[in-house]
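In the working numbering, the protein residues as written are 60 to 610. Note that beta-carbon positions come from the ideal geometry of N, C-alpha and C, so glycine has one too. Some notes on the structure that comes next.
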Amino acid sequence: MQAQAGHNAQYVSQSVMDSTAASASYTVSVTFKNTGTTTWTAGSFRLGEPANTWNWHTTRVDLAPGETVPPGATRTFTFPVNGPYTAASKLQPFNFQWQMLKEGEAWFGDKSPNVVVYSIATPEIRTNFAPTLPPAPVTASDFDFDHFRGANVLESATTRPDGVLGWIPTEAQMATISKSAQDMNLNALRMAVAIPLNGSDTSALYTAVKKDLDIAMSYGLRVILAIGGYDKYNGACSWEQGYIQVDQSAASFIRTMYSHPAVMAWDLNNEPLWFASTSDCLPNTSDYQNVVDGVHAMYNLVRANDPSNKPTTVGDSPLPFMHYWTDIESFASPHLYQTNMPQMAYTTEGTMRLAKAESGSMPMIVGEFGYNVPDHVPDEAAQAAAYRAYFNELQRQNVGSAFWSLSLSDDQHPMSLINQDGSLRPAAYVVKSYHEIARNSHFVTQNVPSVMKAGQSYNVSITFNNTGSNNWALVNYKLGTLNPDNNLWGPNRIALNSAPAELVKPGQQKQFNFTVTAPAKPGVYNFQWQMLQDNVAWFGEQSPNVAVKVQ
Numbered sequence: 060m061q062a063q064a065g066h067n068a069q070y071v072s073q074s075v076m077d078s079t080a081a082s083a084s085y086t087v088s089v090t091f092k093n094t095g096t097t098t099w100t101a102g103s104f105r106l107g108e109p110a111n112t113w114n115w116h117t118t119r120v121d122l123a124p125g126e127t128v129p130p131g132a133t134r135t136f137t138f139p140v141n142g143p144y145t146a147a148s149k150l151q152p153f154n155f156q157w158q159m160l161k162e163g164e165a166w167f168g169d170k171s172p173n174v175v176v177y178s179i180a181t182p183e184i185r186t187n188f189a190p191t192l193p194p195a196p197v198t199a200s201d202f203d204f205d206h207f208r209g210a211n212v213l214e215s216a217t218t219r220p221d222g223v224l225g226w227i228p229t230e231a232q233m234a235t236i237s238k239s240a241q242d243m244n245l246n247a248l249r250m251a252v253a254i255p256l257n258g259s260d261t262s263a264l265y266t267a268v269k270k271d272l273d274i275a276m277s278y279g280l281r282v283i284l285a286i287g288g289y290d291k292y293n294g295a296c297s298w299e300q301g302y303i304q305v306d307q308s309a310a311s312f313i314r315t316m317y318s319h320p321a322v323m324a325w326d327l328n329n330e331p332l333w334f335a336s337t338s339d340c341l342p343n344t345s346d347y348q349n350v351v352d353g354v355h356a357m358y359n360l361v362r363a364n365d366p367s368n369k370p371t372t373v374g375d376s377p378l379p380f381m382h383y384w385t386d387i388e389s390f391a392s393p394h395l396y397q398t399n400m401p402q403m404a405y406t407t408e409g410t411m412r413l414a415k416a417e418s419g420s421m422p423m424i425v426g427e428f429g430y431n432v433p434d435h436v437p438d439e440a441a442q443a444a445a446y447r448a449y450f451n452e453l454q455r456q457n458v459g460s461a462f463w464s465l466s467l468s469d470d471q472h473p474m475s476l477i478n479q480d481g482s483l484r485p486a487a488y489v490v491k492s493y494h495e496i497a498r499n500s501h502f503v504t505q506n507v508p509s510v511m512k513a514g515q516s517y518n519v520s521i522t523f524n525n526t527g528s529n530n531w532a533l534v535n536y537k538l539g540t541l542n543p544d545n546n547l548w549g550p551n552r553i554a555l556n557s558a559p560a561e562l563v564k565p566g567q568q569k570q571f572n573f574t575v576t577a578p579a580k581p582g583v584y585n586f587q588w589q590m591l592q593d594n595v596a597w598f599g600e601q602s603p604n605v606a607v608k609v610q
């Protein structure tokens, strides 16, 4: 039917999630402006689905009884929908598109841009491995936008010369990656480790992971270790084994790594249901059960072998799978890849809102996201623009994140934000611009003799509090001499402790204990110090000057 000339509508905006669980309830919104000359009245003017598919369990949204929308006014329709029904264990596409109509007369005005939303079956599962202990508590603010600034690290599928799977960076690679991460003002990395089969020689793997943790720590970075190499409790899925084939190796790995100060949390598996879904490993409900049991069994293994009780999470995708893991997570870390760039603007807000709802009161970060050049975006400039759009919403939602990825390998280069020499690509500068840090320190106390004998050595101490927003790292955060900056007292730079690499987080104090040697010539000499980041800046308060009398 032809719409009357006076009826018109202009599309303004919409908010819809990018994925749903089949038949589950959700809330969406679509906004139109009345650009015609007739007033929209309740009972006849409605928002409708032009295709009338009933995929969303409704095709009409009414105005409130008695409501009118005059010309020039804007109306946001916020309404409930159900996820399109599917029994498939792989994401199935469904169109989401709406338009205004006068019932019984005609559709009119703009259609909302069509959004492809994916739906997937999520059968009700109750694990056979209930948590033996509750997840470790965490501080929610540690995972917000300003405080959790992360990236994923993965090199190559090619095995290294030492026999270690190439996912794990070499020492040289990790040093380059960690420096780049520090240059971007990041403070966390996530690194997946494929656990070998029970009975395997794990010495080379353990050595490689420990060295990488040492290096990360020296640059002020803490690490989430993702325990990979399995999905189902019993039975292989593609190249991954069953939990019962790796549990002994996993227990040994956890016991070996938990005490390393760089380890901040355990990711119990890398995309367990997503990987099983895309690998056709979920043909039956029993297969879902097998994966859910495998990850829950790993949680109990972590609790039994990590006496430090570090936090746990499960990085998985899509959002409809999140609820399977909430009983074993300290914080949620969904993987939210939104790579359909034309539709990103319509789904990002709704997807973030849904992710928060799925995680409930639990803190949340986005554990993975990123853009491949040229598969997702045509070039590096477009990649940078995509990161800016994504980070705008992360900041608005106050959610921390770990993008994919920082890598020096050829096979990861299309998504990596650094070049093979560690230099930053355009998107890396976008990330850095959202994470400007404040270096600051507060003087606490010092213990310095006011009288010394010429040429004699003395033990001194100076304490500063990290009042900035970033970690002080071994590699380049130091205490330095002032007034003047020279070797008058012997050392002119005092480093953090190196065995293991020390990291001073915001809010923590650091006491520097060191030995100085009095000048050889009697006189009065200034003794004053301040914190600095080598080759970057001096920062914070100076210690009160002590006029030391040398006899």
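Test item: CB-CB of residue i and residue j under 8 Å
i    : j    : result
A253 : G287 : yes
F204 : L413 : no
S392 : I424 : yes
W325 : L284 : yes
N154 : V120 : no
T181 : A335 : no
G107 : Q73  : no
G374 : H355 : no
H494 : G599 : no
L213 : W226 : yes
S516 : T576 : yes
V503 : F523 : yes
S520 : Q479 : no
T372 : Y358 : no
Counted within 10 angstroms of its Cβ, other Cβ atoms place residue i as buried (16 or more) or exposed
i    : result
G527 : buried
T217 : exposed
G566 : exposed
P422 : buried
Q232 : buried
G95  : buried
A83  : exposed
R498 : buried
T112 : exposed
Q471 : buried
D434 : exposed
E126 : exposed
E417 : buried
K512 : exposed
R455 : exposed
Cutoff 8 Å; reference residue i; Cβ partners in own chain excluding five residues on either side
i    : result
Q397 : D77, M403, T406, T407, T410, F428 and Y449
T97  : Q63, G65, H66 and P130
F462 : G209, A210, N211, E427, F428, G429, Y446, L476 and V490
L360 : D306, A309, A310 and I313
A199 : P422
Q156 : E108, P109, A110, K170, S171, P172, N173 and V174
Q151 : P143, T145, Y177, S178 and I179
P331 : D290, V350, G353, V354, V373 and D375
Proximity test, Cβ basis, 8 Å: residue i and chain D
i    : result
P172 : Absent here is chain D; the protein component of the structure consists of one chain.
Assumed close pair residue i, residue j - CB separation to whole angstroms, cut-off 8 Å
i    : j    : result
L248 : A275 : 6 Å
Y302 : Y317 : Incorrect: roughly 19 Å between the Cβ atoms, too far for contact.
A21  : D260 : Residue 21 is absent from the model: the chain starts at 60 and stops at 610.
S171 : P143 : Not confirmed; about 17 Å, so no contact.
N518 : N572 : 7 Å
V89  : V140 : That belief does not hold up - the Cβ atoms of V89 and V140 are roughly 11 Å apart, past 8 Å.
M207 : G419 : Rather than Met, the amino acid found at residue 207 in this sequence is Phe. With a Cβ gap of about 18 Å, F207 and G419 do not count as contacting.
Proximal residues to residue i (C-beta, below 6 Å), its chain only, five neighbours per side dropped
i    : result
P377 : S78
V605 : V507 and F586
K92  : Q69, V71 and T133
A486 : Q442, A443, Y446 and L476
N364 : A310, I313 and R314
G294 : G301
Residue i Cβ short of 7 Å to the ligand FAD heavy atom set
i    : result
A443 : No copy of the ligand FAD appears in this structure; indeed no ligand is present at all.
Neighbourhood of residue i by C-beta, 7 Å cutoff - its chain only, sequence neighbours within 5 removed
i    : result
N551 : G539, T540, D544 and N545
A147 : I179 and A180
N431 : P473 and M474
Is there contact between the stretch 236-247 and the stretch 376-395, where contact requires at least three CB pairs shorter than 8 Å?
-> Contact fails: fewer than three Cβ-Cβ distances are below 8 Å.
Kindly confirm or deny that the stretch 340-354 and the stretch 178-187 touch, where touching means at least three C-beta pairs closer than 8 Å.
-> Contact holds: three or more Cβ-Cβ distances are below 8 Å.
Is the stretch 274-294 touching the stretch 524-540, taking contact as three or more C-beta pairs under 8 Å?
-> The stretch 274-294 is in contact with the stretch 524-540.
Is there contact here, the stretch 187-200 with the stretch 435-444, by at least three beta-carbon pairs under 8 Å?
-> At 8 Å Cβ cutoff, the stretches do not touch.
Would you check if there are 3 or more beta carbon pairs closer than 8 Å linking the stretch 585-598 to the stretch 532-542?
-> Yes: at least three Cβ pairs fall under 8 Å.
Below 8 Å, can you find three or more Cβ-Cβ pairs linking the stretch 570-580 to the stretch 335-344?
-> By the Cβ rule, the stretch 570-580 does not count as touching the stretch 335-344, because fewer than three pairs are nearer than 8 Å.
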